[in-house]
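Asks: Protein chains in written order, with the numbering used here: chain A, 169 to 281; chain B, 8 to 123.
Just so you know, even glycine gets a beta-carbon here, dropped at the ideal spot from N, CA and C.
#1: Check whether the Cβ of residue 192(A) lies closer than 9 Å to any Cβ atom in chain B.
#2: So with CB distances below 9 Å, who are the chain B contacts of residue 214(A)?
#3: Mapping DSSP to helix, strand and coil, what is residue 44(B)?
#4: Report yes if the C-beta distance between residue 207(A) and residue 217(A) is below 9 Å; otherwise report no.
#5: Starting from residue 191(A), trace the beta strand (DSSP E) both ways and give me its first and last residue.
#6: Please classify residue 95(B): is it buried, with 16 or more other beta-carbons within 10 angstroms of its beta-carbon, or exposed?
#7: Looking at chain B, is there any beta carbon in it that lies within less than 9 Å of the beta carbon of residue 109(A)?
#8: At a Cβ threshold of 9 Å, is residue 120(B) touching chain A?
#9: My output table needs one value for residue 245(A): the three-state DSSP class, helix, strand or coil.
#10: With 7 Å as the C-beta to C-beta threshold (strictly closer), list the residues of the segment 42 to 62 of chain B near chain A in chain order.
#11: List the endpoints of the continuous beta strand (DSSP E) containing residue 13(B).
#12: In or out: residue 212(A) buried (at least 16 other Cβ within 10 Å) or exposed?
#13: Check the Cβ of residue 269(A) against every Cβ in chain B and list those closer than 9 Å, keeping chain order.
#14: At the level of alpha carbons, what is the spacing between residue 9(B) and residue 222(A)?
#15: Going by the DSSP bridge assignment, what does residue 102(B) pair with across the sheet?
#16: Using a Cβ-Cβ cut-off of 9 Å, state whether residue 11(B) counts as contacting chain A.
#17: In whole angstroms, what separates the C-alpha of residue 57(B) from that of residue 39(B)?
#18: Under the three-state reduction of DSSP, which class applies to residue 93(B): helix, strand or coil?
#19: By Cβ distance below 7 Å, which residues in the same chain neighbour residue 117(B) in space, the five residues on each side in sequence not counted?
#20: Spatial neighbours of residue 236(A) within its chain, please: CB distance less than 6 Å, with the 5 preceding and 5 following residues excluded, ordered by chain position.
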């Protein structure tokens, strides 16, 4: 699996937007970009995923660079509940045998009240 | 609807004993995954089921670990002759389909295993 690089930690003020970066310079053409987050003492939860175009859902937006070598998860208005470890994961969703998620160390996001 | 459930939520066992962990996936989900997370570590894939078969067992750390999903619904993860290094949070996830761009995984709350 292609690797991703994320900052170990980030801080943001409550009610402000948060931009979480992810570098994936060795991404292949069949890799989707998935984001999951893990709140304290909970299992991970799906946030968003995309291939080439920017994506929006009720939780967040995903901005994907034109060359797909990086992406940014955007939380539009951070709340205290958004404090979590955010994982950027590449997965080849076009071919069988790639069903598992390979988690890295993620970015620990702290929200400052 | 009901999410992924796991039991027990906490398990303390003595070194050398066998333990069995259970996962009930979301109803109708065909794919089921086991992961584990040691204290302060990232999540590590263990095994994946599609229905009642396991196409990918590559993450099982040793032959002391085994898992079943006999009827394609709930799954059990068994650890024989537990060691202190097995202490971790064991997480189960399920997805409606396996892989693919819509195969988002839904995780359970985990079972915290402590081997003394």
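Replies: So, to answer that:
#1: Position 24 of the first chain, counted from the first residue, corresponds to residue 192(A). Residue 192(A) is outside the set of residues whose beta carbon lies under 9 Å from a beta carbon in chain B.
#2: Here the question's residue 214(A) lines up with position 46 in the first chain. Under the 9 Å cutoff, chain B gives 111, 112, 113, 114.
#3: One-based indexing of the second chain puts residue 44(B) at position 37. Under the three-state reduction of DSSP, residue 44(B) is assigned to strand.
#4: For the purposes of this step, residue 207(A) is taken as the residue at position 39 of the first chain. For the purposes of this step, residue 217(A) is taken as the residue at position 49 of the first chain. Going by C-beta atoms, residue 207(A) is not nearer than 9 Å to residue 217(A).
#5: Counting from one through the first chain, the residue named residue 191(A) turns up at place 23. Annotation for residue 191(A): the continuous beta strand (DSSP E) segment containing it runs 186 to 191.
#6: Walking along the second chain from the start, residue 95(B) turns up at place 88. By the Cβ-count criterion, residue 95(B) is buried, with 16 or more other Cβ atoms from all chains shown falling within 10 Å of its own Cβ.
#7: A query on residue 109(A) cannot be resolved here, the shown segment of chain A reaching from 169 to 281 and no further.
#8: The residue labelled residue 120(B) in the question sits at position 113 within the second chain. So, not an interface residue.
#9: For this step, residue 245(A) is matched to residue 77 along the first chain. Coil, per DSSP.
#10: Residues of the segment 42 to 62 of chain B with a Cβ closer than 7 Å to any Cβ of chain A, in chain order: 49, 50, 52, 55.
#11: Within the second chain, the letter at position 6 stands for residue 13(B). Per DSSP, the unbroken beta strand (DSSP E) holding residue 13(B) starts and ends at 12 to 14.
#12: If you number the first chain from 1, residue 212(A) lands on position 44. Buried is the label assigned to residue 212(A), since at least 16 other Cβ atoms lie within 10 Å of its Cβ.
#13: To locate residue 269(A), count along the first chain from 1; it is residue 101. 40, 42, 50, 52, 100, 112, listed in chain order.
#14: Residue mapping note: residue 9(B) aligns to position 2 of the second chain, counting from 1. Residue mapping note: residue 222(A) aligns to position 54 of the first chain, counting from 1. Those two C-alpha atoms are separated by around 31 Å.
#15: For the purposes of this step, residue 102(B) is taken as residue 95 along the second chain, with counting starting at 1. DSSP output for residue 102(B) lists 38(B) as bridge partner(s).
#16: On the second chain, position 4 is the one that residue 11(B) refers to. The C-beta of residue 11(B) comes closer than 9 Å to at least one C-beta of chain A.
#17: As a first step, residue 57(B) must be located in the second chain, where it is residue number 50. As a first step, residue 39(B) must be located in the second chain, where it is residue number 32. If you take the alpha carbons of residue 57(B) and residue 39(B), they lie about 7 Å apart.
#18: As a working note, residue 93(B) is residue 86 in the second chain. Three-state result, residue 93(B): helix.
#19: Here residue 117(B) refers to the residue found at position 110 when the second chain is read from its first residue. So the qualifying residues of the chain are 13, 96, 97, 98.
#20: Here residue 236(A) is taken as the residue at index 68 of the first chain, counted from 1. 195, listed in sequence order.
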